[in-house]
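Each residue of the sequence shown is one higher than the one before, starting from 1 at the first, in full-length UniProt numbering.
Input: a single structure, listed below in structure tokens.
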Amino acid sequence: MIVLKSCTKSIMLLAGSSASTEQRRSAISMKIAIDRIFARLNVLRKVARHLRIDDRDRVDYFTPSTQLFDDFCEDIIDRYQLHNMIVQARVQHIDYGDLGSVTNPKVFALTTDQGTIFSKTVVLAVGPGAKPQIPLDCHLRLDMHQGSVCHCFEEVGSSCVPDHVSCKIKERQPTSVVVVGGGLTSAQIADLLLSRGVTKVFLLLRGKYKLKHFDVDLEWVSKVRNQQMSVFWSADSDEERFEMLKMARNGGSITPSYDKILKRHVANGRLRILPYTCIEDGTWCGTSQTWTLWLSSISNSENVLSGIDHVIYATGSAPNICNVPCMQRMLTEYPLESINGLARITEDLMWQDDVPLFLTGGLAGLRLGPGAANLAGARQGAERIAWKIDEILGRPEVDVDGSESGSTPTAEEALLLSPSKISLSRDRSEFTGSFNNQFEALSIQPDRI
């Protein structure tokens with residue numbers, strides 16, 4: 001820095017001396033270049049405090065605690081004053097059309113079990129879009145005898161097992177439960193069952209036993225994720241992107257921390273993990289209240305499981321816009337193409353260019369990439385949606401007399417707005433981890449909302 005300042009002084013003396021015209025021009029050009037370096041250094045000084053975390057310095061991956069996530073949610077609620085803005089209701093239908101308004105020709109009408117809500121824009125953030133259920137290829141003859149079988153997300157009361165299994169546990173009788181699934185949820189359920197007193201658990205996986213830190217490969221979430229995402233965004237078609245999504249997610253997986261827990265149960269003889277295994281058939285005995293299951297496996301190590309008290313399906317649900325109950329009218333009135341259930345929405349995550357209904361999460365996988373259902377996808381989707389909603393709400397509206405109600409700010413107003421916008425941008429970056437991102441879009445001018 002001292003050398004640069006000395007050079008600047010020498011250049012100023014040279015430019016003001018009796019040097020030739022060419023020397024003066026060269027000196028002035030060099031001074032301009034040095035000034036630019038100083039300006040860049042000043043910017044870097046200001047940005048440096050926003051770059052406290054560098055992904056390249058992370059040598060391992062850790063799961064944040066539940067308390068940390070709760071604190072984060074509370075901070076969001078307090079920061080954006082959301083205490084009185086949350087409505088607990090079940091959305092039954094979403095309609096979009098002309099409701100007779102002069103200033104807003106088209107608005108959304110959300111029919112809920114608590115009444116009707118009207119809005120200019122709607123954001124659909126519902127996960128896969130449908131409640132997970134027992135797979136259609138289940139071979140347990142549920143139409144004849146229901147038996148003791150459920151999906152892990154069904155409500156089964158205060159206990160994780162049905163009553164007849166709870167009674168056997170209390171009476172210290174041997175119990176056996178089959179868990180179907182190869183993801184983290186299946187591992188957590190197996191561990192929970194054993195901790196609640198179940199004697200033996202069989203974990204059935206359709207494919208191989210996969211071990212991952214996340215449900216997508218590390219190349220999509222680690223320090224090289226930008227390289228992978230550039231390949232995803234440069235795909236020639238949505239069909240090509242869909243194939244990338246399938247390869248990246250590649251079915252359910254288990255984290256290293258739960259792998260250690262499962263291995264401990266296996267060593268104790270209370271857990272059996274059967275990869276590449278499916279249930280081919282099953283019969284339920286009402287007298288003994290147990291299942292007899294016939295299995296198919298490439299290893300042929302065990303073909304029959306008898307005396308099974310309960311079967312739990314811990315299978316996931318692929319995102320599918322066609323399975324979202326409240327979207328059926330929208331799909332009829334504003335048809336949307338999809339690829340295996342993933343909607344072909346705009347790059348702004350909008351339903352159509354003239355329909356301000358936004359999708360995020362797994363349903364927006366063709367635009368957000370393999371991490372769409374994770375925190376990285378949620379953050380990226382939030383930025384895109386916030387930016388576009390700000391643009392939509394900021395458009396000038398036409399009054400009854402034909403004049404525009406939204407006027408363009410004057411130069412003086414723009415100057416007054418700039419400092420607060422810059423300050424807000426810096427404050428936001430403290431929470432989002434990047435400098436001058438788009439999260440400030442919806443909060444700069446509160447009167448628009």
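Don't be surprised by glycine CBs; every beta carbon is placed ideally from N, CA and C.
Candidates the options, of which the one nearest residue i by Cα
i	options	result
SER195	ARG270, LEU357, GLY365	ARG270
ILE392	GLY361, PRO356, ALA382, GLY365	PRO356
ARG272	VAL179, ASN226, SER222, ASP281	VAL179
TYR96	LEU262, SER299, PHE118, ASP163	PHE118
ASP113	ALA33, ILE94, LYS106, ILE76	ILE94
ALA386	HIS265, VAL123, GLU219, PRO135	VAL123
SER237	ARG367, LEU140, LEU295	ARG367
GLN328	LEU110, LEU193, CYS150	LEU110
GLY207	TYR276, THR360, ILE321	TYR276
CYS326	VAL87, ALA125, ILE76, GLY381	ALA125
ARG264	CYS160, LEU293, PHE69, ALA190	ALA190
ASP354	ARG79, ILE32, VAL107	VAL107
THR175	ILE134, LEU211, LEU82, LEU305	LEU305
GLU243	THR199, GLY369, ARG384	GLY369
PRO132	GLY381, ALA314, MET350	ALA314
GLU171	GLY197, LEU193, THR21	GLY197
LEU359	CYS278, THR121, ILE308	THR121
GLN173	TRP351, LEU136, THR199	THR199
GLN92	CYS285, HIS83, MET330	MET330
VAL266	MET350, ALA89, ILE321, VAL201	VAL201
GLN88	GLY115, LEU68, GLU74, ASP35	GLY115
LYS212	THR287, LYS260, MET229, ARG90	LYS260
Those residues which DSSP pairs with residue i across a bridge
i	result
PHE257	The sequence shown places Ser at residue 257, rather than the Phe named in the question. Paired residue(s): none; SER257 is not in a bridge.
ASP281	TRP294
SER176	LYS200
THR111	HIS93, THR116
HIS151	TYR313
LYS106	ASP98
Range of the contiguous alpha helix (DSSP H) that encloses residue i
i	result
GLU383	375 to 393
ASP70	66 to 79
CYS167	163 to 170
ILE321	Here ILE321 belongs to no alpha helix (DSSP H), and DSSP marks it neither H nor E.
LEU193	184 to 195
Same chain, Cβ closer than 8 Å to residue i, neighbours up to 5 away in sequence not counted
i	result
LEU184	ASP215, GLY252, SER253, ILE254, THR255, TYR258
SER403	With a pLDDT of only 48 at SER403, under 50, the local geometry of the prediction cannot be trusted, and the value read off the model is given with reservation. Nothing listed; no residue qualifies.
ALA411	With a pLDDT of 47 at ALA411, under the threshold of 50, the modelled position of that residue is not reliable, and the figure given next carries that caveat. For ALA411, where only same-chain residues beyond five positions count, there are no Cβ hits under 8 Å.
ARG344	ASP238, LEU336, GLU337, SER338, LEU366
ALA235	ARG241, MET244
PHE153	LYS131, PRO132
LEU295	LEU204, LEU274, THR277, CYS278, ILE279, GLU280, GLU302, ASN303, VAL304, LEU305
PRO105	ASP98
Other residues of its chain near residue i: CB distance less than 6 Å, five sequence neighbours each side excluded
i	result
HIS164	GLN289
GLY365	LEU245, LEU342, ALA372
GLY282	LEU140, TRP291, LEU293
LEU205	GLY182, PRO275
GLN380	LEU368
SER26	none
ILE134	HIS151, TYR313
ILE298	TYR276
Cut-off 7 Å between Cβ atoms - residues of its own chain near residue i, not counting five sequence neighbours on either side
i	result
ALA376	VAL221
SER187	Looking at the sequence itself, residue 187 is Ala, so the reference to Ser does not match. Closer than 7 Å at the Cβ level, and outside the excluded window around ALA187, lie ILE254, TYR258, LEU262.
PRO319	PRO128, GLY129, GLY341, LEU342, GLY362, LEU363, GLY365
VAL324	VAL126, GLY129, ALA130
ASP348	ARG384, LYS388
GLY316	PRO132, GLY183, GLY252
GLY307	SER176, THR290
ASP217	ALA248
LEU192	CYS160
ILE77	HIS83
Run of the beta strand (DSSP E) containing residue i, from where it starts to where it stops
i	result
GLY307	304 to 308
residue 453	One cannot answer for residue 453 here, as it falls past the ends of the chain, which runs 1 to 449.
LEU124	122 to 124
7 Å Cβ cutoff, residue i in contact with chain B
i	result
LEU193	Although the question refers to chain B, the structure presented lacks it and comprises just one protein chain.
Any non-hydrogen atom of the ligand NAP closer than 6 Å to residue i Cβ
i	result
LEU375	What this structure holds is no ligand at all, so the ligand NAP is not there to describe.
Enumerate, from N- to C-terminal direction, the unbroken alpha helix (DSSP H) stretches of 4 or more residues contained entirely within the segment 201 to 273. 225 to 233, 238 to 249, 256 to 267
Please list the segments of the beta strand (DSSP E) lying wholly inside the segment 332 to 364, counting only runs of 3 or more residues, in order along the chain. 350 to 352, 355 to 359
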